[in-house]
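Chains as they are written, first to last, in my numbering: chain A, 41 to 355; chain P, 41 to 355. All C-beta atoms in this analysis are idealised placements derived from N, C-alpha and C, irrespective of residue type, glycine included. Computed from a predicted model, the values in this text were never measured in an experiment. What follows is one structure encoded as structure tokens, with my remarks underneath.
Written out as structure tokens, the structure is:
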């Protein structure tokens, strides 16, 4: 899978992923009102509106970027109807030729992690009485994010499923939020009085976990490192040379192009930068306000072009 | 919410929760075959079978235990239909008077954590043009499990939602799996050459996070500590005196009644022990095999009674 993502990044000269993280406040009023009128003030109406909003966004950026990253929390927020919009978004992205990174941050142990992995990047084989198999891909993302707090027992089941279906994962190493350091930066005793931060210990595990999942020059086991911590990005890049890094935190969270060079390898590859609200809610930003709510998709396209220019100039 | 759970624990003399973690291999053949015949070999058929299986289990144990803990991964495994079975299970549990602990292990940051919290233990307010509000509770669990790896930014939005809706969370501190120590047991430098394991640092944060969410003698912010680590349970009990502890790992994972005393306070409260497959798949265990697949619910009831006896004798 990572080789497919890399091919798309090269083709579009765009190490960028658009985060589809819809919030009620982002959805243009004309879309919401249409579905409220049809379906009343319900989760179903909100979810149909989210899907239409996402389709407009994907139509606007699909030729510019290799991938989208729907954040499942923003759909789970609206219960089953919301998750139906998530699933339809995944399917539409595939129709547009986009790689889908499901930002699900799941993590559990053993058969439970396997169940998450099967649901999102695997397949369910249902056998009939004659031994014939009906194979179904439940959510069918290409890559998902994984939380490592439970250790190898929690992560390896995801990797096993990746290896069966040629999919990928990005494991959280150092997240972009202000309090990510509370646990991730704790200094760990590694012997002889030396210490290292926890995120480096996690990074070494990611490197190790990925060794049996190579797909070309990079592994299908990637990492998440926030744009908001560029020095750590440089150190982590070196610790995980064959690991693709998903970099959130660009734009709204404070990261900018000049912070990003260190996340890339000398081959110009190795990282993909995410922007969510900076693109999908661009029409609410003063800079793109002239597009108006009707032009939310064009605003998103312009914001994507501006982001691509910033990234291309800096890496 | 924790006061409601405690009242139910006292009423039933049962600090026990039944984990509803359905796997295809656990569902009795007669139930699966019925839905395969009706709905073909589909995710929909599997999901209807899961729901019927759960209803049988809940009917069998509802007078014995205060709560059930559906593990959402086992439903997400089967995509949208699986999650519909999850939601129906939550609703049926409420009809039976059971507290529902959604084992979702979610964790993200800021507005994204808020979205998870709203979806599972919160409410969505959809405003019409006149300012009237339609309030919907999307998944409507009572308590959910939360992963702390992202720090306070990730956990506090859950607590804010808890405080609005009188719900609860259990934060992962020390999980029951063999490799939980890989990161959770790492020795952290705390100054002057002293060190402490990471899970204790997390426990102190849980204690601190819970202080503004007291509900009677305990906080609505609880912790998860595995039965498989009884010595750590004793230490963590003391570090988090007002924190309810959800204890997985009993039975199939190796924990037994005699390991559990240290998880409780002197008031006989403070912990609730989970068993999943030891109860829901009891009919597959040699000890309860005489019940047969048709008697899976009676087997589950007997296994619950045996577990209650083991726990009551030991705490």
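Within its own chain, the residues whose Cβ lies closer than 7 Å to the Cβ of residue 340 of chain P, once the five positions on either side in sequence are excluded, are 97, 100, 101, 319, 320, 322, listed in chain order.
Chain-order list of chain P residues neighbouring residue 179 of chain A: 116, 119, 120, by C-beta distance under 9 Å. Counting along the chain, no beta strand (DSSP E) covers residue 223 of chain A; the unbroken alpha helix (DSSP H) around it starts and ends at 221 to 224. Distance from the Cα of residue 197 of chain A is smallest, within the candidate group A:214, A:182, A:305, A:161, for A:161. Interface criterion met: the Cβ of residue 81 of chain A is under 9 Å from a Cβ in chain P. Residue 342 of chain A does not reach chain P, its nearest Cβ partner there being about 24 Å away, counting only Cβ pairs nearer than 8 Å. Check the Cα spacing between residue 173 of chain A and each of P:53, P:309, P:76: the tightest is with P:76. The alpha helix (DSSP H) runs lying completely inside the region 308 to 347 of chain P and spanning 4 residues or more are 317 to 320, given in chain order. CA-CA distance, residue 304 of chain A to residue 310 of chain A, rounds to 5 Å. The distance from the Cβ of residue 336 of chain A to that of residue 68 of chain A is about 5 Å, consistent with a contact at the 8 Å cut-off.
Put simply, of A:105, A:274, A:286 the residue whose alpha carbon is nearest the alpha carbon of residue 209 of chain A is A:286. Interface with chain P (9 Å Cβ-Cβ cutoff): residue 210 of chain A is excluded. With 16 or more neighbouring CB atoms inside 10 Å of its own CB, residue 187 of chain A falls in the buried class.
Against residue 188 of chain P, the close residues of chain A are 189, 223, in the order they occur along the chain (beta-carbon pairs closer than 8 Å). The DSSP assignment places complete beta strand (DSSP E) segments of no fewer than 3 residues inside the region 41 to 86 of chain P at 56 to 60, in order along the chain.
Just so you know, the alpha carbons of residue 220 of chain P and residue 134 of chain P end up roughly 32 Å apart. Secondary structure within the region 110 to 188 of chain A: the beta strand (DSSP E) runs of 3 or more consecutive residues, fully enclosed, are 139 to 146, 164 to 167, 173 to 176, 183 to 186 (chain order). Here the alpha carbons of residue 49 of chain P and residue 257 of chain P stand approximately 14 Å from one another. With respect to the C-alpha of residue 178 of chain P, the residue from P:126, P:218, P:71, P:195 having the closest C-alpha is P:126. Residues of chain P whose Cβ lies closer than 8 Å to the Cβ of residue 150 of chain A are, in chain order, 217.
Proximity of chain A to residue 138 of chain P at the Cβ level (cut-off 7 Å) is not reached, the minimal Cβ distance being about 20 Å. Among the residues facing chain A, residue 220 of chain P is included, as its CB has a counterpart in that chain under 9 Å away. Closest option to residue 334 of chain A, judged by alpha-carbon separation, among A:41, A:60, A:59, A:72: A:72.
Counted as a single uninterrupted DSSP element, the alpha helix (DSSP H) harbouring residue 195 of chain A occupies residues 192 to 205. For residue 183 of chain A, no CB of chain P lies under 9 Å from its own CB, so it is not counted at the interface with that chain.
The C-alpha of residue 62 of chain P is placed about 7 Å away from the C-alpha of residue 90 of chain P. For residue 134 of chain A, not one C-beta of chain P is nearer than 9 Å to its own C-beta. Look at residue 101 of chain P here: in three-state DSSP terms it is helix. Close to chain A, meaning a Cβ-Cβ distance shorter than 8 Å, are the following residues of the region 191 to 206 of chain P: 191, 192, 193, 194.
Residue 274 of chain P counts as exposed, since fewer than 16 other beta carbons sit within 10 angstroms of its beta carbon. Contacts with chain A (Cβ-Cβ distance below 7 Å) from the region 154 to 179 of chain P involve 155, 156, 158, 159, 164, 166, 168, 174, 176, 178, 179, listed in chain order. Closest in alpha carbon position to residue 103 of chain A, among A:214, A:282, A:350, A:342, is A:342. With a threshold of 16 other beta carbon atoms within 10 Å, residue 175 of chain A falls short and is exposed.
At a cut-off of 9 Å between beta-carbon atoms, residue 275 of chain A makes no contact with chain P.
Using a CB distance cut-off of 9 Å, residue 85 of chain P counts as an interface residue toward chain A.
Among the residues of chain P, those whose CB is under 7 Å from the CB of residue 145 of chain A are 147, 148, following chain order.
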